[in-house]
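To start, the structure under review is shown below, and the notes come after it.
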Amino acid sequence: MVPGIGCGRRRRAGGVACVDVVALLGIGLLTGVTTVLFGFGGGFVAVPVVVWTDSALGADAIRVATATSALVMVVNAAFATAVTPRRVLAALRGGGPLLVLLGVGAAAGALAARHAPAGLIRWAFVAYVALTVVDLLLRPGFLRPRAPAEAAPGTPRPLPAAVGAPVGAVAAFLGVGGSVMTVPAMRRAGHTMHVATALANPLTLAIALPAAAVFLGGSGDPAGAHPHLALVGLVDLRAAGALLLGALPVIAVLRRRPPHIPDRLYAWTYVALLAAVAVAMVL
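Oh and the sequence shown: position 115 is 115 in full-length UniProt numbering, straight run, nothing missing.
Here it is, written out as structure tokens:
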């Protein structure tokens, strides 16, 4: 068990009960899978369950969930990037300006999230993910690639640096991570799902690191009346710890033995996962 997580039969005001720990560990395992297979470092998958476990915070739960997911993404994306083959990461060679602008945008987005109305963040999250699903279903290039499925390793088509700041800002503000935007863009640039999702991890790290630094700063409990929550800044360290405890072993195993998934099925599964998370946030 993660140190400091309460495990009574009932959840105390602002506390985390056994059922929450089990849910967090389970979602952590899922984020490990999505980190490796889809480039989701835990962001939008983790947000709904942290909103649920920290529901005692009321409207502020979405802010804490966004901040907590940023810290989870830092660790998951860093670990996944470290064990990604160098030949795959070579596609980002020369992408320094893009990474810098992603970080700058993320810092701005995280600052905005600290002060924005909680309801705005929640419904903007749902709207963005829903619009992304519609875009992936209707616009050619993701489910129906225009280019051949395999992109030549020597001729990668990187994302333009100019998209870095807006992508970083939106990703950090909503807590979705960069993969929700970068994977479709890289897919439409001709990369396979395998390559696009692997490259999403270092891009997510560039977004999550400055965002997490912003969220960790400042005051702790946003509601000022929840001493049982282990908040540092806006980050719930107990929830983050449980999520990471479930995720990291899965990342280690799947990176060594990645499953073979047909490219088209891979793309459809990505869309289905986004749709499921949007529904979870609405409910």
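C-beta atoms are modelled at their ideal positions from N, C-alpha and C, and glycine is treated no differently.
Residue 236 (DSSP reduced to helix, strand or coil): Correct three-state label for residue 236: strand.
Would residue 305 be called buried (16 or more neighbouring beta carbons within 10 Å of its own) or exposed? Nothing in the structure corresponds to residue 305, since the chain is present only between 1 and 283.
Can you tell me where the alpha helix (DSSP H) holding residue 164 begins and where it ends? 164-174
DSSP state of residue 159 mapped onto helix, strand, coil: coil
Nearest-angstrom Cα separation, counted from residue 270 out to residue 38: 7 Å
Return the residue from the list 25, 214, 36, 51 that minimises the CA-CA distance to residue 277. Among 25, 214, 36, 51, the Cα nearest to that of residue 277 is on 51.
Buried versus exposed, by CB contacts within 10 Å (16 or more), residue 238: buried
What did DSSP end up calling residue 143 once you bin it into helix, strand or coil? In this structure, residue 143 counts as coil in the three-state DSSP scheme.
Taking residue 79 as the reference, which of 98, 96, 35 has the closest Cα? 35
Best match in 172, 174, 204 for proximity to residue 183 [C-alpha to C-alpha]: 204
Would residue 261 be called buried (16 or more neighbouring beta carbons within 10 Å of its own) or exposed? exposed
At which residue ranges does the segment 18-73 contain complete alpha helix (DSSP H) runs of 4 or more residues, listed in the order of the chain? 18-38, 43-53
Could you check the C-alpha separation between residue 69 and residue 46 for me, to the nearest Å? Each residue's CA atom was taken as its position, placing residue 69 and residue 46 some 6 Å apart.
Considering residue 113, what are the terminal residues of the alpha helix (DSSP H) in which it resides? 96-115
Using the rule of at least 16 other Cβ atoms within 10 Å of the residue's Cβ for burial, across every protein chain shown, is residue 272 buried or exposed? exposed
Would the beta-carbon of residue 84 fall within 8 Å of that of residue 198? yes
First through last residue of the alpha helix (DSSP H) which encompasses residue 183: Secondary structure note for residue 183: its alpha helix (DSSP H) is the uninterrupted segment 179-188.
Just to confirm the assignment, what range does the alpha helix (DSSP H) spanning residue 194 have? 193-216
Within this structure, are the beta carbons of residue 176 and residue 214 separated by less than 8 Å? Cβ atoms of residue 176 and residue 214: not closer than 8 Å.
Leaving out five residues on either side along the sequence, give the residues of the same chain with a beta carbon under 8 Å from the beta carbon of residue 137. The answer, listed in chain order, is 143, 271.
Give a yes or no on whether the C-beta atoms belonging to residue 71 and residue 242 are separated by under 8 Å. no
Going by the DSSP bridge assignment, what does residue 248 pair with across the sheet? Paired residues: none, contrary to the question.
Going by the DSSP bridge assignment, what does residue 231 pair with across the sheet? 236
State whether the segment 89-105 contacts the segment 160-167, with contact taken as three or more CB pairs (one from each stretch) at a distance under 8 Å. yes
Could you tell me the alpha carbon to alpha carbon distance between residue 122 and residue 217, rounded to whole angstroms? 22 Å
When the Cα of residue 75 is compared with those of 120, 87, 212, which residue comes out closest? 212
Among 116, 92, 86, which one has its Cα closest to the Cα of residue 59? 116
Sequence-distant residues of the same chain with beta carbon closer than 6 Å to residue 106, five excluded per side: Only 168, 172, 207, 210, 211 meet the Cβ criterion.
Three-state secondary structure (DSSP) at residue 75? helix
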